[in-house]
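**Q**
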Amino acid sequence: MSNKVRLVAQGHTQEERIDYDEVFSPIARIEVIRLFLAYASFKDFVVYHMDVKSDFLYGKIEEEVYVCQPLGFEDPHFYDKVYKVEKALYGLHQAPRAWYETLSTYLLYNGFHRGKKDKTFFIRRHKGDILLVQVYVDDIIFGSTKKELCIAFEKKMHEKFQMSSLGELTFFFGFQVKQKQDGIFISQDKYVTEILKKYGFTKVKNASKPMETQKPLFWTTAKERTINGETQIHAKVYGKKVIICEELIKRDLQFRDEEGVNCLPTATIFEQISLTG
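Start counting the sequence shown at 3; every next residue gets the next number (the numbering used here).
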């Protein structure tokens, strides 16, 4: 058992516009993560998981920040001196943003493109293949249509940061993830169990609630139509009419650009999209 000590700044004593200015750091959206996993399932590639050790310490802050000497570790020869912070410390308001800027700059430098709607989503294209990367603070999940791209990405990250390779994704963003041959499945069994334990509901009497069998599902209302040479799916979702087409899928996945995407053919999408549920 190893004992570790971490120097943490007392960020609650910082004053806005004096000790820090902009501290906003992009946070992953659950919708994008679900879309990420859905696309990985559709393209039949494995999603891997990595963790950055002491992530905030890699960030560099722009403001001048000084901290007192920690109690019990004062320099007896310089009691009246303070430390000048060169890199972000845990506890500082600007630490999360500093880490995000460091990581995103490194990814962009290595050929990635940042998502337009979600700044924690990154894409890199290599000929006909793509590599997808989703960041949630110090957790990184990634997958590619070509396994060699995943291996190269993992190696590149280890060159810059101290990382822990966790293998195939099994848990992320509060979700349990199971990757099988017939798809990727997510659940929150662990979270539900913890909530039940917290409020003492683990030994209460169960009450069955049968699923409503007459409720119309997506594919019972969906119809395939061809308009102006474009194949579309028309359906009702929560009582509202929705239209799904290749252009909308590319837009939401941030694939609509000058390079085009030849790894996402329309015919394959509409042939296998029913497998996603």
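Yeah, the Cβ is synthetic: ideal placement off N, Cα and C, and Gly gets one too.
Could you tell me which whole beta strand (DSSP E) segments of length 3 or greater appear in the stretch 98 to 157?
**A** 123 to 128, 131 to 138 and 141 to 146
**Q** Note down, in chain order, each residue of its chain lying with its Cβ closer than 7 Å to the Cβ of residue 145, except the 5 sequence neighbours on either side.
**A** What you label residue 145 is simply residue 143 of the sequence shown in a count that begins at 1. Closer than 7 Å at the Cβ level, and outside the excluded window around residue 145, lie 42, 47, 48, 49, 50, 134 and 152.
**Q** Please report the straight-line C-alpha distance between residue 163 and residue 191, rounded to a whole angstrom.
**A** Along the sequence shown, read from residue 1 onward, the residue named residue 163 stands at position 161. Along the sequence shown, read from residue 1 onward, the residue named residue 191 stands at position 189. So the two alpha carbons sit approximately 32 Å from each other.
**Q** For a test of the three-state rule: what should DSSP assign to residue 74, helix, strand or coil?
**A** Indexing the sequence shown from 1 puts residue 74 at position 72. DSSP places residue 74 in coil when its eight states are reduced to three.
**Q** Which residues mark the beginning and the end of the alpha helix (DSSP H) in which residue 41 is found?
**A** Against the sequence shown, residue 41 aligns to sequence position 39. From DSSP, the alpha helix (DSSP H) with residue 41 extends over 32 to 45.
**Q** Roughly how many whole angstroms lie between the Cα atoms of residue 57 and residue 183?
**A** Stepping through the sequence shown from its first residue, residue 57 is reached at position 55. Stepping through the sequence shown from its first residue, residue 183 is reached at position 181. Rounded to whole angstroms, residue 57 to residue 183 spans 34 Å at the Cα level.
**Q** Taking only three categories from DSSP, how would you classify residue 48?
**A** As a working note, residue 48 is residue 46 in the sequence shown. Coil.
**Q** Going by alpha carbons, who is nearest to residue 223 out of 143, 207 and 242?
**A** Stepping through the sequence shown from its first residue, residue 223 is reached at position 221. Selected option, being the one with the closest Cα: 242.
**Q** Within 10 Å of its beta-carbon, does residue 98 have 16 or more other beta-carbons around it, so buried, or fewer, so exposed?
**A** The residue given as residue 98 occupies position 96 in the sequence shown. Taking all protein chains shown into account, residue 98 has 16 or more neighbouring C-beta atoms within 10 Å of its C-beta and is therefore buried.
**Q** Report the residue ranges of all beta strand (DSSP E) runs contained in full by the stretch 175 to 236; include only those spanning at least 3 residues, in chain order.
**A** 177 to 182, 185 to 189 and 225 to 229
**Q** Given a cut-off of 9 Å on the beta-carbon distance, is the pair residue 120 and residue 237 in contact?
**A** Taking the first residue of the sequence shown as 1, we reach residue 120 at position 118. Taking the first residue of the sequence shown as 1, we reach residue 237 at position 235. Inclusion of residue 120 and residue 237 in the CB contact set at 9 Å is not warranted, their separation being larger than that value.
**Q** Could you have a look at residue 9 and say whether DSSP puts it in helix, strand or coil?
**A** Here residue 9 corresponds to residue number 7 of the sequence shown, with the count starting at 1. Reduced to three states, the DSSP call for residue 9 is coil.
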